[in-house]
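Novice:
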Ligand SMILES: [Zn+2]
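In this note's numbering, the protein residues as written are 1461 to 1584.
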């Protein structure tokens, strides 16, 4: 019989597994004992989360009144705004420079979200 936690760390990437566990903590608190049918999360592209992997991890960590809750992952594109020319660039890769003028003086507008947006509970 293999050690379950050893098996776990080989099977699941720690990043997604840790995120799935923090989703579980947040949802358990929000649900207050109600049976949860679906969990909707917003994840920014800069988080570099692999959605199918996160969903796999979720199906492993969910338990109790979350035991049958589906996880729906809404990926938010990464957008930066340039401090030099004020234009916005939607990032195709995690390279943080302005697509208009090439400046690296940029701020992340969206893409670093990791939010439990809503949950659907039984009988609601
Ligand atoms: Zn610019």
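Glycine included, each C-beta is placed from N, C-alpha and C at the ideal position.
#1: Please classify residue 1465 as buried or exposed, where buried requires at least 16 other C-beta atoms within 10 Å of its C-beta.
#2: Going by DSSP, name the residue or residues bridged to residue 1476.
#3: By alpha-carbon positions, which one of 1502, 1523, 1493 and 1507 ends up nearest to residue 1481?
#4: Does residue 1462 come out as helix, strand or coil in the three-state DSSP assignment?
#5: Suppose you measure from the CA of residue 1476 to the CA of residue 1552; what does that come to, to the nearest Å?
#6: Tell me the residue span of the alpha helix (DSSP H) that contains residue 1535.
#7: Closest to residue 1572 by CA distance: which of 1526, 1497 and 1507 is it?
#8: Per DSSP, which residues does residue 1500 bridge with? Please list them.
#9: Would you report the Cα separation of residue 1499 and residue 1569, rounded to the nearest angstrom?
#10: Among 1558, 1557, 1576 and 1474, which residue has its Cα nearest to the Cα of residue 1513?
Specialist: The short version:
#1: Residue confidence is low: residue 1465 scores 45 on pLDDT, short of 50, so the model does not pin down where it sits. Its coordinate-derived value is still stated next. Residue 1465 is exposed by the Cβ-count criterion.
#2: Paired residues: none, contrary to the question.
#3: 1523
#4: Because residue 1462 carries a pLDDT of 38, less than 50, the predicted location of this residue cannot be relied on, and no value is offered for it.
#5: 21 Å
#6: Not the alpha helix (DSSP H): residue 1535 falls in the beta strand (DSSP E), residues 1530-1536.
#7: 1507
#8: 1532 and 1578
#9: 25 Å
#10: 1474
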